[in-house]
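Engineer:
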Amino acid sequence: MITLQKGRYEALEPLGSGATSRVEMARDNVIGRTVALKTFVNGFGEGQEQQFLREAQIIGQLSHPSIVQLYDVGIDERGTPFLVMEYIAGKTLEHHLDPSVLTCQRACAWVADWPEHWQWRTAREFFTAT
């Protein structure tokens, strides 16, 4: 079982949420750095803890400039699973995909860069298939 050192992560402000999880800017009180703390609101279903850990181990091995680093994984005192990831300040992907912001030139640049990011595709297919 993965456990959490009580009080290690202190939530500072919400960054976003969805149907299954929420992400907050947080402070790692042991190391003293700002991180992104993703908590899963529904906890684990039957047998999902091992799958969660397996996926976290795979994510932790990925290294690419376009993928945030995974720093920690665990289960809090309430049994809620969480991921601690690299925090990157800036605008959200939603902002960049806004039609008023996404120019044709920028969209073409993203498409041209796609072969460079092909390595990420393998990881995405793995997670989609499991």
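Numbering-wise (our numbering), the sequence shown opens with residue 11 and increments by one.
Backbone N, C-alpha and C define an ideal beta-carbon position, used for all residues, glycine too.
Taking all protein chains shown into account, do 16 or more other C-beta atoms lie within 10 angstroms of the C-beta of Lys101, making it buried, or fewer, making it exposed?
Structural biologist: Position 91 of the sequence shown, counting from 1, holds the residue named residue 101. Result: exposed.
Engineer: Please name the residue or residues paired with Thr49 in a DSSP beta bridge.
Structural biologist: Numbered from 1 along the sequence shown, position 39 holds the residue referred to as residue 49. Answer is Arg32, Phe92, bridged to Thr49.
Engineer: In this structure, how does DSSP classify Val78 when only helix, strand and coil are distinguished?
Structural biologist: Along the sequence shown, one-based indexing puts residue 78 at 68. Of the three classes helix, strand and coil, the one that applies to Val78 here is coil, per DSSP.
Engineer: Quick check on the burial criterion: 16 or more other C-beta atoms within 10 angstroms. Buried or exposed for Gln61?
Structural biologist: Against the sequence shown, residue 61 aligns to sequence position 51. Burial call: exposed.
Engineer: Starting from Glu20 and walking both ways along the alpha helix (DSSP H), at which residues does that stretch end?
Structural biologist: As a working mapping, residue 20 is identified with position 10 in the sequence shown. First-last for Glu20: 19-27, but that is the beta strand (DSSP E), not the alpha helix (DSSP H).
Engineer: Applying the 10 Å Cβ sphere with the 16-neighbour rule, what's the burial state of Ile98?
Structural biologist: Counting from one through the sequence shown, the residue named residue 98 turns up at place 88. Classification of Ile98: exposed, given that the 10 Å Cβ count is below 16.
Engineer: Quick one: grab the DSSP three-state call for Gly84.
Structural biologist: Reading the sequence shown from its first residue, position 74 is the one you call residue 84. In the structure shown, Gly84 sits in a strand (DSSP, three-state: E or B).
Engineer: Around the C-beta of Glu56, are 16 or more other C-beta atoms found within 10 angstroms, so that it is buried, or is it exposed?
Structural biologist: For the purposes of this step, residue 56 is taken as residue 46 along the sequence shown, with counting starting at 1. Counting Cβ neighbours within 10 Å, Glu56 comes out exposed, since fewer than 16 surround it.
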